[in-house]
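Inspection log for the structure reproduced underneath, given as structure tokens.
Residue numbers (full-length UniProt numbering): 1 to 143.
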């Protein structure tokens, strides 16, 4: 039953296309129009009404799902420390409280040339990236 309707629609589309093709002068345009007509007619025959209603939602959900997958799974985590003791598994610095004096400023952005002490490199990093990294300041209590 459904195929009879599809065949009638296809015959009507074919007649309309033949009328439209009489207006075309260039042979390449006719071939292109015939190809597009064949593809759309064939797709219409393959897809029933329910599939045609569900297909856009399914494709949209698949696209959103892939975008989320690509964003959170495929993107490799970036290294923060790119220059200080890269050969070590874990970097640890020990500073005696007696050596600190009144105040010491420690780097937390890993960009300081005087690491582990801060030289203000985080300021440039913050301007470029919009980040809010700052130093760790250790000072003695005023007595």
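For every residue, glycine included, the Cβ atom is placed at its ideal position computed from N, Cα and C.
- Apart from sequence neighbours up to five positions away, the residues of its chain that approach residue 91 with a beta-carbon distance below 6 Å are 85, ordered along the chain.
- Residue 103 sits in a strand when the DSSP states are folded into three classes.
- Residue pairing of residue 137 in beta bridges, as defined by DSSP: 105.
- Excluding five sequence positions before and after residue 126, the CB atoms of its chain that fall closer than 7 Å to its own CB belong to 132, 133, given in chain order.
- Rounded to the nearest angstrom, the gap between the Cα atoms of residue 113 and residue 142 is 30 Å.
- Residue 121 and residue 78 have their C-alpha atoms roughly 19 Å apart.
- Taking the Cα of residue 136 as reference, the smallest distance to any Cα among 104, 129, 50 is reached at 104.
- For residue 117, the pairing in a beta bridge is given by DSSP as 106.
- Residue environment analysis places residue 72 among the exposed positions, since fewer than 16 neighbouring C-beta atoms fall within 10 angstroms of its C-beta.
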